[in-house]
Amino acid sequence: MDIQIREFTDRDIFDAVEIWNQVVEDGVAFPQTENLTAETGMDFFLSQSYTGIARDLETGRTVGLYILHPNNIGRCGHICNASYAVAKNMRGRHIGEKLVTHCIEKARELKFGILQFNAVVKTNYAALALYKKLGFVQLGTIPNGFLLKNGNYEDIVLHYYVL
Numbered sequence: 212m213d214i215q216i217r218e219f220t221d222r223d224i225f226d227a228v229e230i231w232n233q234v235v236e237d238g239v240a241f242p243q244t245e246n247l248t249a250e251t252g253m254d255f256f257l258s259q260s261y262t263g264i265a266r267d268l269e270t271g272r273t274v275g276l277y278i279l280h281p282n283n284i285g286r287c288g289h290i291c292n293a294s295y296a297v298a299k300n301m302r303g304r305h306i307g308e309k310l311v312t313h314c315i316e317k318a319r320e321l322k323f324g325i326l327q328f329n330a331v332v333k334t335n336y337a338a339l340a341l342y343k344k345l346g347f348v349q350l351g352t353i354p355n356g357f358l359l360k361n362g363n364y365e366d367i368v369l370h371y372y373v374l
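The working numbering puts the first residue of the sequence shown at 212, with every later residue one more than the last.
Okay, structure coming up:
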C-alpha cells in the first residue's frame, strides 16, 4: 500500500467527514459527540493549523486524516495537539503511524516545540503502543477522564513529544 499524505482541500470534505464521523460514532477515542456535516466539517478542517489527508495511491481512496493545531495560546502556544482518524476498514495497516510521523514533521515545519496529547483513552491499545514506539512520553493518567459511548468512564493518558 502506497500512502501519500497531503494538505486537505475542499474536494476532500466528504471522505474526511465520513472517516472523522466513524471515530466519533465509535465513541471510544474522540471527545466529540456530534457528527460533522459537510458544512461544519469544512469549517472545522480549515480552522486547523494543518489537516493532513492520507490517500492510497493504488486505489485513489482516502484512508485517513489528521488535524494539527495549537494546544493553547500565548506563552503555551508552542505546544500543539493533534487527532488522527483511520477509515474503519483500513485500520491495522500502519496508516496511523504514517499519519503521526507526517504530523510530527509538519508540527516542526510550523515551528511548534512540543506535541501533546491530552486524552488518549486507556483502552486505545493501538494508539498507546504506537506512541510508545515513536518515543512519546507518558505524563500520567486522569482517572475516569473520558466518557465512553456506552456511558462508562475510562482513564485517559496524557503524552508529549519534544519536536
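Glycine included, each C-beta is placed from N, C-alpha and C at the ideal position.
Inset, instruction - For I198, collect the residues of the same chain with a Cβ closer than 6 Å to its Cβ; drop the 5 residues on either side in sequence, then sort them by chain order. - result: Here the chain comprises residues numbered 212 to 374, so residue 198 is not present and cannot be evaluated.
Legend entry - Whether I183 touches G263 by CB criterion (8 Å): Residue 183 is absent from the model: the chain starts at 212 and stops at 374.
Inset, instruction - Kindly indicate which three-state DSSP category N222 falls into: helix, strand or coil? - result: On the sequence shown, residue 222 is found 11 positions in, with the first residue counted as 1. It should be noted that the sequence gives Arg, not Asn, for residue 222. Three-state DSSP puts R222 in a helix.
Legend entry - Start and end residues, beta strand (DSSP E) containing A296: Stepping through the sequence shown from its first residue, residue 296 is reached at position 85. A296 -> beta strand (DSSP E) spans 290-297.
Legend entry - T251 versus V235 - alpha carbon distance: Taking the first residue of the sequence shown as 1, we reach residue 251 at position 40. Taking the first residue of the sequence shown as 1, we reach residue 235 at position 24. Computed Cα separation, rounded: 14 Å.
Legend entry - G275 beta carbon less than 8 Å from that of L310: Stepping through the sequence shown from its first residue, residue 310 is reached at position 99. Stepping through the sequence shown from its first residue, residue 275 is reached at position 64. Yes. Within cutoff.
Inset, instruction - For my contact list, Y371 and L326 are in at a C-beta cut-off of 8 Å; report their separation, rounded to the angstrom. - result: Counted from its first residue, the sequence shown places residue 371 at position 160. Counted from its first residue, the sequence shown places residue 326 at position 115. Going by Cβ atoms, the distance from Y371 to L326 rounds to 7 Å, so yes, they are a contact pair.
Inset, instruction - Would you tell me roughly how many angstroms separate the C-alpha atoms of Y261 and N335, rounded to the nearest one? - result: The residue given as residue 261 occupies position 50 in the sequence shown. The residue given as residue 335 occupies position 124 in the sequence shown. Distance between the alpha carbons of Y261 and N335: 24 Å.
Inset, instruction - Could you have a look at Q233 and say whether DSSP puts it in helix, strand or coil? - result: Against the sequence shown, residue 233 aligns to sequence position 22. Q233: helix per DSSP, three-state reduction.
Legend entry - Closest by C-alpha distance to K344, when choosing among L369, N361, T312, K360: As a position in the sequence shown, residue 344 is number 133, starting the count at 1. That would be T312, whose Cα lies nearest to the Cα of K344.
Inset, instruction - Identify, in the order they occur along the chain, each residue of the same chain with its Cβ nearer than 7 Å to the Cβ of F255, setting aside the five sequence neighbours on each side. - result: Start at 1 with the first residue of the sequence shown, and residue 255 comes out as number 44. The residues are L247.
Legend entry - Stretch-stretch touch, CB-based, cutoff 8 Å, three pairs: the stretch 356-364 with the stretch 294-307: no
Inset, instruction - Pull up the distance between the alpha-carbon of S294 and that of Q243, whole angstroms please. - result: Here residue 294 is taken as the residue at index 83 of the sequence shown, counted from 1. Here residue 243 is taken as the residue at index 32 of the sequence shown, counted from 1. Each residue's Cα considered, the two are about 11 Å apart.
Inset, instruction - In angstroms with no decimal places, state the Cα-to-Cα distance between E218 and L257. - result: On the sequence shown, residue 218 is found 7 positions in, with the first residue counted as 1. On the sequence shown, residue 257 is found 46 positions in, with the first residue counted as 1. If you take the alpha carbons of E218 and L257, they lie about 10 Å apart.
Legend entry - CB contact flag (L279, A318, <8 Å): Walking along the sequence shown from the start, residue 279 turns up at place 68. Walking along the sequence shown from the start, residue 318 turns up at place 107. The answer is yes: Cβ separation under 8 Å.
Inset, instruction - Measure from the C-beta of F225 to each C-beta in chain D and report whether the shortest distance is under 8 Å. - result: Looking at the structure shown, chain D is missing, and only one protein chain is on hand.
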